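Numbering (this note's numbering), first residue to last: 6 to 1021. See structure below.
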Amino acid sequence: MDKLKFFLILLLGVTLGTAFLSTASAQDVDVLVTPDEAEVDLGEGLQLETFAFALSGDSRTPAAIDEINWEVEPDSMGTITDDGFFIAGRHFGEAVIRVVIHIGDRTIVREIVIRIGKHPTPMFRVIVLPEEAVVPTGATKQFKVFVVSHDFEREIPPQFVRWEVKPEDLGKVNDAGIFQAGEHDGRGKVIAYVEFDGLRLRGEAHVIVSPAATGAIAGNVFSDTENLPLQDAVVRAVRLGRIRWIRNAVTDAQGNYLIEKLIPGVYVLTAHARGFIGEFYDDTRNYLEATPLNIAEEDTVTDKNFGLSEGAKIAGTIYTESDSSELAGAHVVAFLVVNPRFARHVVTGEDGSYLIESLPTGSYAVYANISGYKGEYFNDSPEFSGAEFVEVAEPNTTDGIDFALATSSAITGRVTSEVDGSPIAGAHIRAYGALNSVGLHPDRDIVKETRTNENGEYILQIRPGAYIVKASAEGFNSEFYDGFRDVAFAIPVVVAADSHSTGIDFSLIPRSTISGTVTNGSTGEPIPGAVVEAFKEDVHFDAALTDAGFRAKTDSSGNYTIENVPAGKYYVVANAERYLPEFWQEKATKQDATPVEVEENSAVNSIHFTLVTGGSISGLVASSVDSLPISRALVRVFDSNTGRHRRTYTNEQGAYKVGGLPSGSYLVQVIAEGFFPEFYEDASHPGDATPVEVTAPDDTAGINVYLEPQVDLRGTMAGRVVSDRDEAPIEGAVIIAVSPTLRQPHITFTGPNGFYRLTDLPAGRYFVFAWAEGFVGEFYRDAFRFANADPVIIGSDQVTAGISFGLRPSDRHGIYAVRGRIRSANTNTPVEGVMVHARLDGGVEVSAVTDANGVYILADLPAGEYKIEATAPGYADGYFGGTSEESAITVVVGNGQDAESVDIDVEEDNVTSVGDDAGAAVPESFGLQQNYPNPFNPETTIKYQLSEASRVTLRIFNILGQEVRTLVDDAQQAGVYSVQWNGKDAFGRQASSGIYIFQLEAGDNFRLSRRMLLLK
6 MDKLKFFLIL LLGVTLGTAF LSTASAQDVD VLVTPDEAEV DLGEGLQLET FAFALSGDSR
66 TPAAIDEINW EVEPDSMGTI TDDGFFIAGR HFGEAVIRVV IHIGDRTIVR EIVIRIGKHP
126 TPMFRVIVLP EEAVVPTGAT KQFKVFVVSH DFEREIPPQF VRWEVKPEDL GKVNDAGIFQ
186 AGEHDGRGKV IAYVEFDGLR LRGEAHVIVS PAATGAIAGN VFSDTENLPL QDAVVRAVRL
246 GRIRWIRNAV TDAQGNYLIE KLIPGVYVLT AHARGFIGEF YDDTRNYLEA TPLNIAEEDT
306 VTDKNFGLSE GAKIAGTIYT ESDSSELAGA HVVAFLVVNP RFARHVVTGE DGSYLIESLP
366 TGSYAVYANI SGYKGEYFND SPEFSGAEFV EVAEPNTTDG IDFALATSSA ITGRVTSEVD
426 GSPIAGAHIR AYGALNSVGL HPDRDIVKET RTNENGEYIL QIRPGAYIVK ASAEGFNSEF
486 YDGFRDVAFA IPVVVAADSH STGIDFSLIP RSTISGTVTN GSTGEPIPGA VVEAFKEDVH
546 FDAALTDAGF RAKTDSSGNY TIENVPAGKY YVVANAERYL PEFWQEKATK QDATPVEVEE
606 NSAVNSIHFT LVTGGSISGL VASSVDSLPI SRALVRVFDS NTGRHRRTYT NEQGAYKVGG
666 LPSGSYLVQV IAEGFFPEFY EDASHPGDAT PVEVTAPDDT AGINVYLEPQ VDLRGTMAGR
726 VVSDRDEAPI EGAVIIAVSP TLRQPHITFT GPNGFYRLTD LPAGRYFVFA WAEGFVGEFY
786 RDAFRFANAD PVIIGSDQVT AGISFGLRPS DRHGIYAVRG RIRSANTNTP VEGVMVHARL
846 DGGVEVSAVT DANGVYILAD LPAGEYKIEA TAPGYADGYF GGTSEESAIT VVVGNGQDAE
906 SVDIDVEEDN VTSVGDDAGA AVPESFGLQQ NYPNPFNPET TIKYQLSEAS RVTLRIFNIL
966 GQEVRTLVDD AQQAGVYSVQ WNGKDAFGRQ ASSGIYIFQL EAGDNFRLSR RMLLLK
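Now the structure itself:
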């Protein structure tokens, strides 16, 4: 019992008594659920608590909950008991716990976000100070942002920070990080989005808008039977109100406690100690009978004392049914039979024993479970209905409540270090389906996962079958069973029903390091703060531990060490502000670079760099109206031929300077909130921009850009683009809206806070997509392909707001590029505004958008094999070297070589579109018009109308009734639509001359067919 993990649970929101609110009073109630967000590891438990309270002016009184339901979404991420005890599942990710609470005729819903799986400490972490602040209404508070690593801490200049307040009505924060509280009390966050060394980072601080936290509560906790002080009792003050404020204190040797820093409000006070039954103040176990305490500013309330009674106990041991071995780490819970929402949870110790304490007198159902074994109720029942209840009485112990758990299907083993045989705690075990091992994706194809305990042992409960099993741990090379680095050689583990596949052990080899120095090539002086990155040639199953990748920064002496490097082949590159990037060994490009070979458990030294100063572009950004400087404008300098780019922000004087540029010709773009984006010089489109010539190491000065204030012209579309991962705004994202009938792209860019405004749009129907460097582009809403996108209707002289996007960051980053051109197969002309994807194992890795010449560059790809796809409104999806992802030719990048001339011809297709009738009234009935022209060659247009939103199918059949092609199969809004058929079947083959039938099905019972004639 020495390592018994004890969970002392006090269910405060649900009482042992029964109480009800009247229907009238139920209208003025609220519920606090705590915690409102949390992070737990795989398989860990977390108790959620609810506090219902009635509102009457400034008064707050405890209220009863009639019914409460807990749900985990998605349910694969964990389970939750009736008392709100959440047990995390065996997958990394995010779970939302949905709590539905019924009080009288009122239903209240709360959602709690739980992050599952503790990730390695990030290389760079953003800290916002102070981390928590109480700010009175109308007052201000200064926040500062720091980026910290294991060896440095740096305050971030204001121009590289974007501030945000959530919720927005809590207050506002300016560019300098000064928060001004709003007019009403509330609780929220001040969020800082930081751009640092090419990374987008996020930090936050909690903010309470309220009078100052100057209240306090003091008292004593003692045993009511022996009248002795209770040391280490926990006393908690919970504020009843919409501002969540909870403060704890621990009693000293004399049983005294002091809870400080309480904001004004009404509090309920609880005390609990190990082995004792918790109480509410004043001397009650019933939440509804608790005496609330009103705490004012500068108020200290004393003599709030607790006399706790020792509770009953249930004890026992958990064994295996097969050989009576003790089971450590089993979860045991006791439910009060008359109120199953009251429960106590514990975990067995190393000897399999458990002790559930602090139980009120009553009858309990006891349940035990652990991964790899079948859970059961005492005494040997899989269902609650067959459970033998355990009677307990305070303060006695009921022992001998033992369990013998039957074996379920599982994989078991141990993970150790190959160097010294020591156990590796927290190692990550993942199982993949063995039948799908070819093309296995390291993240998407996981069947089950778990972690090792402190002894390096694991039990992975899993269905019978054959699996590929992989072990990984921070600081070690990953390995597939049995001892292979490459999944192609992995030995499948076969799992039988109700049996453990044992001995699936791993001996992991430590990862390696790469180190060296970075110096100035002209002076020999060290360059501090340079970023050195190593890019692995095979990253499929050996990704970096954090989003920062395999990278390090040089210290004041120019030295660096990249840690946690798996064995393999790398290209290493150094970058520093004002300097040209350099690949090892002394090369400007990866094509000429020397790869670095890293062996297992080794230190690769002397990977040195001597950097040369690059050229620069500098200038001012100001308003074209009054020439006033524009601060915090995003300035992007890029070479459209190579995809190389740099970016910075203007300072308070509107000045900027972008350095580290090789000699060459560059385009300069400026984006600022409230202004039209512009290219130098006075161009809205890159094709009209004036190139800026740079000769390194000189500065090309005077590249001034004057922005026009944005005004709405004709129709306007507005929204925001953020990261799916953390809702960070994405500046510089491109937004493209295309009318499928005209196929003319309308383009704008997001400003520094992620907002955009695309104006001067003719009224009509558009398909819209967004893309940004480092993110996967998508169509509105959440579609990778145009065919799955939702259209956006733009009215004349109207603003259509809320067309926003959440883009997924690219999972992995590399040094390679795929370049090509997209042309129309019908006209052989370049197509602008096409979304191009690099696909790997069915998923999108990197995206790009074509320019006016139809040119695209899929940049920052890791070495690997990809399928290239093009999708755009008005065109059929195109693939390089094929007609589908399956038939497309694989494009390979690696060994220092990019892929060039990956060109795709896209065919104008049967794009569903609202034509000139877009502004007309909603049709009164469904209808299908005769195609025009008819007869036709090679294409024709079919028009139809919908009187209401419907599921629509439009199919082409030959005279024998065989389906030739489906033109439309989608849910559509009411309106008039036109579809083009290019005379080809579903396989892209030209249909033969003859009579064809086109049939429209819409709504519940509308079906109409017409004939058309294809002549050649």
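Glycine included, every Cβ here is placed at the ideal spot set by N, Cα and C. Keep in mind the model is a prediction, meaning the values are calculated, not measured.
Tell me the DSSP secondary structure of P750 in three-state form.
P750 carries a strand assignment under DSSP once its states are collapsed to helix, strand and coil.
Grab me the residues of F885's own chain with a C-beta within less than 7 Å of its C-beta, minus the 5 sequence neighbours each way, in chain order.
Result list for F885: I873, A893, I894, V896, V907 and I909, in chain order.
Determine, using beta-carbon pairs with one atom in the region 111–124 and one in the region 200–212, whether at least three such pairs fall under 8 Å.
Verdict: no, contact absent.
Where S81 and V797 are concerned, what is the direct C-alpha to C-alpha distance, given to the nearest angstrom?
Across the structure, S81 and V797 are spaced so that their CA atoms are roughly 34 Å apart.
Delimiting residues of the beta strand (DSSP E) encompassing P928:
For P928, there is no enclosing beta strand (DSSP E), since its DSSP letter is neither H nor E.
Could you tell me which whole beta strand (DSSP E) segments of length 3 or greater appear in the region 39–106?
You should have 42–45, 50–52, 54–61, 64–67, 72–78, 83–85 and 90–93.
CA-CA distance, H690 and A742?
CA-to-CA, the gap between H690 and A742 works out to about 15 Å.
Have a look at D816 and R652 and give me their C-alpha separation to the nearest angstrom.
Going from the Cα of D816 to the Cα of R652 covers about 22 Å.
Alpha carbon to alpha carbon, what distance is there between V710 and L625?
So the alpha carbons of these two residues sit roughly 6 Å apart.
Contact set for K592: own chain, Cβ-Cβ below 7 Å, skip 5 residues either direction
Cβ within range, chain order: A598.
Quick one: grab the DSSP three-state call for Q995.
Residue state, collapsed to three classes: strand.
Should V804 go down as buried or exposed, given a rule of 16 or more other Cβ atoms within 10 Å for buried?
Burial call: exposed.
Cutting at 6 Å between CB atoms, please list the residues of its own chain near E116, excluding the five before and the five after it.
Correct list, in chain order: V101 and R103.
Beta-carbon proximity of T55 to V36, cut-off 8 Å:
Taking the C-beta atoms as reference points, V36 is found nearer than 8 Å to T55.
Would you decide whether K595 is buried or exposed? Buried here means 16 or more other CB atoms lie within 10 Å of its CB.
Buried: at least 16 other Cβ atoms inside 10 Å.
With a CB to CB cut of under 7 Å and the five nearest residues on each side skipped, what residues in its chain are close to G316?
Cβ neighbours of G316 beyond the five flanking positions: G280, F281, I282, E362, S363, L364, P365, E399 and P400.
Straight-line CA distance for T275 to N261?
Roughly 14 Å separates the two Cα atoms.
State the beta-bridge partners of F340 as determined by DSSP.
DSSP, once it has assigned bridges, lists A348 and A370 as partnering F340.
So, with DSSP's three-state summary, where would you put P163?
Three-state result, P163: helix.
Return yes when the Cβ of E582 is within less than 8 Å of the Cβ of F614, no when it is not.
No, Cβ-Cβ distance for F614 and E582 is not below 8 Å.
I'd like to know whether the C-beta atoms of A792 and D882 end up nearer to each other than 8 Å.
Result yes, Cβ atoms of A792 and D882 sit closer than 8 Å.
Do I496 and Y463 have their CB atoms nearer than 8 Å?
The answer is no: Cβ separation not under 8 Å.
With DSSP as the reference, identify every bridge partner of Q185, one or two as the case may be.
Per DSSP, the beta-bridge partners of Q185 are T145 and K177.
Cβ distance (whole Å) where I622 is taken to contact V697 below 8 Å
By a beta-carbon distance limit of 8 Å, I622 contacts V697. Their separation comes to about 6 Å.
Keeping to the same chain, check which residues put their C-beta closer than 7 Å to that of V499; ignore five residues upstream and five downstream.
Contacts found: A471 and S506.
Just confirm the distance between the C-beta atoms of A904 and V898, as a whole number of angstroms; I'd bet it's less than 8 Å.
With 8 Å as the limit, A904 and V898 qualify as a contact, their Cβ atoms being about 5 Å apart.
With DSSP run on the structure shown, which of helix, strand or coil describes F791?
Here F791 sits in helix by DSSP.
I'd like to check one pair, I467 with I416: are the Cβ atoms closer than 8 Å?
For I416 and I467, yes; Cβs fall inside 8 Å.
Below 7 Å CB to CB, which residues in the same chain sit around V919 once its five sequence neighbours on both sides are set aside?
Below a pLDDT of 50, predicted positions are generally treated as unreliable, and V919, at 47, falls in that range; no measurement from the model is reported.
Cβ of E302 within 8 Å of Cβ of P216?
P216 is positioned such that its CB atom lies closer than 8 Å to that of E302.
Top-ranked residue by Cα proximity to E944, from G966, G488, L972 and L965:
Nearest to E944 by alpha-carbon distance, out of G966, G488, L972 and L965, is L972.
For A29, collect the residues of the same chain with a Cβ closer than 6 Å to its Cβ; drop the 5 residues on either side in sequence, then sort them by chain order.
Caution is warranted here: a pLDDT of 34 is assigned to A29, below 50, making its placement in the model unreliable, and the coordinate value is therefore given only provisionally. Counting only Cβ-Cβ distances below 6 Å, and skipping sequence neighbours, we find nothing.
If we ignore side chains and look at the alpha-carbon of each, how far apart do A1007 and T746 end up?
Rounded to whole angstroms, A1007 to T746 spans 22 Å at the Cα level.
Applying the 10 Å Cβ sphere with the 16-neighbour rule, what's the burial state of Y369?
By the C-beta density criterion, Y369 is buried, having at least 16 other C-beta atoms within 10 angstroms.
With T653 as the anchor, note down where its beta strand (DSSP E) starts and where it stops.
Per DSSP, the continuous beta strand (DSSP E) segment holding T653 begins and ends at H650 to Y654.
Alpha carbons only, please: which of R346, S154 and A572 is nearest the one belonging to F90?
Of R346, S154 and A572, the residue nearest in Cα terms is R346.
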